[in-house]
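Chain order of the listed sequences is A and B.
Each residue of the first sequence is one higher than the one before, starting from 1 at the first, in my numbering.
Each residue of the second sequence is one higher than the one before, starting from 160 at the first, in my numbering.
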Amino acid sequence: MRVNLNQWKTSVAILFVASICVAQSPTSFITTDIRRAGEKLACLCGACKNTVGTCQMLGCHYAAPAREKIAEMQKAGLDDEKVAAFFVKREGLKAFAVPPAEGFNALSWIMPPLALVMGLIGIAWWIRRSQKPVLANQLPDGSAERVRAELDKEMAKFE
Amino acid sequence: MENIGGLCLILAFCLGVYSVLASVIGAWKQRPFLLVSAQRAVYSVWVLVATASALLVYAIMTDDFSIQYVWAHSNKAMATIYKFTAWWGGQEGSLLFWSFILSSYTAVVVFTTRKKHEYRAMMPWITAVLMFTLVFFLMLVAFVEHPFRILAIGRAATPMDDGRGLDPLLQYWTMVIHPPFLYLGYVGFVVPFAFAMGSLITKQPGDGWIHTTRRWALITWAFQSTGILLGAGWAYAVLGWGGYWGWDPVENASLLPWITATSFLHSVMMQEKKGMMKVWNMVLVSTTFFLCIFGTFLTRSGIVSSVHAFAQSSLGNYFVVFLAVGIGATTWLILNRLPYLKSETQLESVVSRESSFLFNNLILLASCFAILWGTLFPVISEAVTGEKITVDAPYFNRVNIPIGLFLLFLTGVGPLIAWRRSSGDALKRAFLMPTVGAVIFMSVLVSLGIHHVYAVISFGLCFFVTATIGSEFWKGSRSIAAKDNVNLLRGAIELTHRNTRRYGGYIVHMGIVVMFIGFTGSAFNIDRTVEVKVGSTFKLGRYDLKVADMKGGENENYVWNHAIIEARSGNELVATLKPELRKYAVSGSQTSNVAIRRALNEDLYLNFAGMTADSKVILQSYVFPLVSFIWVGYWVLLIGTLICLVPSKIKLQYAKMEVVGIARQPQPVEN
């Protein structure tokens, strides 16, 4: 009985191994050149946010054939730009991993630093506004210095 | 059972509506009995939502496949713990889970503040805001995405023999606790928002609500941090490629409120200590809350494509309306109350702790904006140009790495600048040694052959921040040790206990530094995908990896097959790893169970990806340097956060340069 069960388990495991066999060797298309060209292109499988060059799913229905295509084009002597152009022609602009810095899509790159600059301007404005000497103007002569000295003395206790 | 569950939800919704109305009318017309009954309704709603949740969990545990939700997210073969997680594994159940956590938070808030006189005026409004939010979710769960829908053919209930089960990828231990922590974080941010709105409506600009909500915000922030890190840990250990952050829209959605909450936790100190930035804090609290709702919207609406998202549904429209009404009302309220939110003090110098908080806020929000912009840009671009584009991980890395490094720099600079103003001499004293040390450290790294620019800068900044924080502890501990005649460790503990917020905060910063070391390690990852026969060896970094054997078997949930890999460094056997492939019986889906040899300096990570037709094992092998620092950093961050929650031994009040004409007296505050 034990032998039969073991045989059965082995058969199941063999069947399982057979079911996970990859038809074509996926590692043939993981080379430095393919990865470099693939890093410009988005993996459009819908399950990851990687590029064709960095997608780690060996059987990925998008990245694996894309890598194969890149290999084919590189063999034909096409450079990375032409490879990318092929995919853009086939898939549209979404083939790029990042938005192209032209037209409306340039905003994707412009807005974050612009927001930072706007924030800096906002802080500069706020600092100028809040540094107006409200207290000093309303105190008798010399009192502001006296108060400030007193504050410095107090603060020294905490630092 | 499904009828009782449904009834509980409808009753909870009705009582929730009553609680909102009774709170508002009771506060408006000064009717104490209405206020009391509104609070009792809060407890009743909790009982009803808890009952509905318990019924759903019971149905899942007892394999009641007549309920559609149970059939879709559970099956008989699943382990008990994973059956329990099916409660939040689908759209309807997770909405119920949201409602349960929110009703629990609301009950806790009402219960813990029932005898606090300072909240008597604003409590009805706090209750109304909390319950209004809860009513929204109860409406969704009771009428739109009902978890107790039964499977039926015609009018006859038709139970199925077995369910479809939870996604195998989710059957991993961190996935048991990742969603609850994330939800505790998401939902918890409703509480500070409710207090903020309560103070605005009742025109109480005082610091009382700030003290209470800071504690809530800190606890919630810790939950959110834990949730995010558990998710990262899950992705690292389960997905098979060692990534812990993929810039997926739903991942980003969890990070956005965490960033604004971090910003709030810093800027709220300005309000506590100096009475400044009251408007800004209102904006931050509100933004955090709405980003939580927005994140939920992103996850459930299908507006962006994500592997984490629930199935596309009509929920998006409800969220849009809720967000529009909420943001509109909050904006109006803040603008209307501007006269009550004036600063009590003025900024005395640009070179001051106050300014460093401003820059910290700016950088955090810039990062938040960049992530939000990148997440939404595909939708915006398609709406404007009509053409789809992709914004993948390289965009987020390119935009956020410089921002993150600058933030790391501020983490070291901010704490060393004095409140009010710092003199040139003080700055020189504080920064000279850490800066020189960091420059020397970076030079050493370059001379050792590390030429990755960001990595060198990041390690240098980590050194700089560690030195500044270390010097703070060193100076304070040494002084206490000398004065009280104790050793340095006792001195450090006493120092921390005297001012838990300050030194706890430093420890949180240290946690961030340790995590940055882990992030930076990714610049030196090594990966190799190979096809090897059993008995063969291949090289990866300093390791020789030999496929020693293959084994297979099965249990009632899945069939498995693993490769036995011996990892040697030199002649020493450092580990025997067993990466595994599984095929699940019910769903038929196949998953990899990676094998990891964890060490502080680097992880060796193996993924059994499949077999070739000529019986070779396909192995994806990786070396991830320093990745363990991310998990260690999280624990440091958590310990620091917990220390911040401990009351300080000594309470201090900071001197303020008050603005004439602001009526209220500043109250004594901690630190």
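By construction, the Cβ of each residue, glycine as well, lies at the ideal position given by its N, Cα and C atoms.
Predicted model, so just to flag it, every value in this text is computed and none were measured.
Considering only C-alpha positions, which residue in the set 189(B), 238(B), 517(B), 728(B) is nearest to residue 120(A)?
Of the candidates 189(B), 238(B), 517(B), 728(B), the one whose C-alpha sits nearest the C-alpha of residue 120(A) is 517(B).
Measuring alpha carbon to alpha carbon, tell me which residue in 702(B), 753(B), 553(B) is nearest residue 729(B).
The option with the nearest alpha carbon to residue 729(B) is 702(B).
Identify the residues that DSSP records as bridge partners of residue 721(B): which are they?
Its beta-bridge partners are 710(B), 739(B).
Out of curiosity, what's the CA-to-CA distance linking residue 392(B) and residue 403(B)?
In a straight line, the C-alpha of residue 392(B) is about 6 Å away from that of residue 403(B).
Please give the ranges of any beta strand (DSSP E) in the segment 166–194 of chain B, keeping only runs that are unbroken, at least 3 residues long and fully inside the region.
Entirely contained in the segment 166–194 of chain B, not one beta strand (DSSP E) run reaches 3 residues.
Is it buried or exposed, residue 128(A), if we count other Cβ atoms within 10 angstroms and call 16 or more buried?
The residue is exposed, with fewer than 16 neighbouring Cβ atoms inside 10 Å.
Could you tell me the boundaries of the alpha helix (DSSP H) in which residue 487(B) lies?
Counting along the chain, the alpha helix (DSSP H) containing residue 487(B) begins and ends at 474–495.
Less than 8 Å between the C-beta atoms of residue 448(B) and residue 349(B), yes or no?
Yes. Within cutoff.
What does the alpha-carbon distance come out to for the pair residue 104(A) and residue 540(B)?
Distance between the alpha carbons of residue 104(A) and residue 540(B): 7 Å.
Taking Cβ-Cβ distances shorter than 8 Å, what residues in chain B pair up with residue 127(A)?
In chain order: 506, 509, 514, 517.
Measuring only from the beta carbon, is residue 534(B) closer than 7 Å to any heavy atom that is part of the ligand SAM?
The ligand SAM is absent from the structure shown, which contains no ligands of any kind.
Counting only C-beta atoms, is residue 503(B) closer than 8 Å to chain A at any point?
No, no contact with chain A.
So, at 8 Å on beta carbons, what are the nonlocal neighbours of residue 369(B) in its own chain, with the 5 sequence-adjacent residues on each side left out?
Within the same chain, residue 369(B) has close Cβ partners 427, 430, 431, 440.
Residues of chain B with CB closer than 7 Å to the CB of residue 48(A), please, in chain order.
Going along chain B in sequence order, the residues near residue 48(A) (Cβ under 7 Å) are 405.
Measure how close the beta-carbons of residue 707(B) and residue 725(B) come, nearest whole angstrom, since I'm counting them as under 8 Å.
Right, the Cβ-Cβ distance comes to about 5 Å (below 8 Å), so this counts as a contact.
Can you tell me where the beta strand (DSSP E) with residue 636(B) in it begins and where it stops?
No beta strand (DSSP E) holds residue 636(B); the alpha helix (DSSP H) holding it covers 612–643.
According to DSSP, simplified to helix, strand and coil, what is residue 336(B)?
Note: residue 336(B) maps to helix in three-state DSSP.
Between 669(B), 670(B), 633(B), which lies nearest to residue 654(B) when the distance is taken from Cα to Cα?
Measuring from the Cα of residue 654(B), the nearest candidate turns out to be 633(B).
If we ignore side chains and look at the alpha-carbon of each, how far apart do residue 759(B) and residue 620(B) end up?
The alpha-carbon atoms of residue 759(B) and residue 620(B) are separated by roughly 20 Å.
Quick one: what's got a C-beta closer than 6 Å to residue 624(B)'s C-beta in the same chain, skipping five residues either side?
For residue 624(B), where only same-chain residues beyond five positions count, the Cβ hits under 6 Å are 570, 571, 672.
Judging by CA-CA distance, which residue of 215(B), 173(B), 610(B) is the nearest neighbour of residue 163(B)?
Of 215(B), 173(B), 610(B), the residue nearest in Cα terms is 215(B).
Give the DSSP bridge partners of residue 309(B), in chain order.
According to DSSP, residue 309(B) bridges with 226(B).
In whole angstroms, what is the alpha-carbon distance linking residue 334(B) and residue 240(B)?
Computed Cα separation, rounded: 10 Å.
State the Cα-Cα distance for the pair residue 363(B) and residue 297(B), rounded to the nearest angstrom.
Whole-angstrom Cα-Cα distance: 30 Å.
So the beta strand (DSSP E) residue 690(B) belongs to, where does it begin and stop?
It spans 685–691 - the beta strand (DSSP E) in which residue 690(B) sits, taken as one unbroken run.
Should residue 108(A) be flagged as near chain B, meaning a C-beta pair shorter than 8 Å?
Output row for residue 108(A): interface = yes.
Report the residue ranges of all alpha helix (DSSP H) runs contained in full by the segment 23–93 of chain A; include only those spanning at least 4 residues, in chain order.
Complete alpha helix (DSSP H) runs here, min 4: 32–38, 63–75, 80–91.
Below 7 Å between beta carbons is the criterion; list the residues of the segment 746–768 of chain B that meet it against any residue of chain A, in chain order.
For the segment 746–768 of chain B, which is checked against every Cβ of chain A, the residues closer than 7 Å are 749, 768.
Counting only beta-carbon separations shorter than 8 Å, does residue 99(A) have a partner in chain B?
Yes - at least one Cβ of chain B is within 8 Å of the one on residue 99(A).
Can you tell me the Cα-Cα spacing of residue 209(B) and residue 201(B), whole angstroms?
The alpha-carbon atoms of residue 209(B) and residue 201(B) are separated by roughly 12 Å.
Less than 8 Å between C-beta atoms, sequence neighbours within five positions excluded: which residues of the same chain meet that for residue 419(B)?
So the list reads 443, 446, 447, 450, 523, 524, 527, once near-sequence residues are dropped.
Please classify residue 580(B): does DSSP put it in a helix, a strand, or coil?
Note: residue 580(B) maps to coil in three-state DSSP.
How big is the Cα-Cα spacing for residue 23(A) and residue 771(B)?
Bear in mind that a pLDDT of 47 at residue 23(A), under 50, signals an unreliable position, so the number given afterwards is only what the model happens to contain. Looking at the two C-alpha atoms, the distance is approximately 7 Å.
Taking C-beta to C-beta, are residue 337(B) and residue 390(B) nearer than 8 Å?
Yes; because the gap between Cβ atoms is below 8 Å, this pair is in contact.
Just checking, does the segment 85–103 of chain A make contact with the segment 35–45 of chain A on the three C-beta pairs under 8 Å criterion?
Verdict: yes, contact present.
Would you say residue 308(B) and residue 227(B) are within 8 Å of each other, going by their C-beta atoms?
A contact, by the Cβ cut-off of 8 Å.
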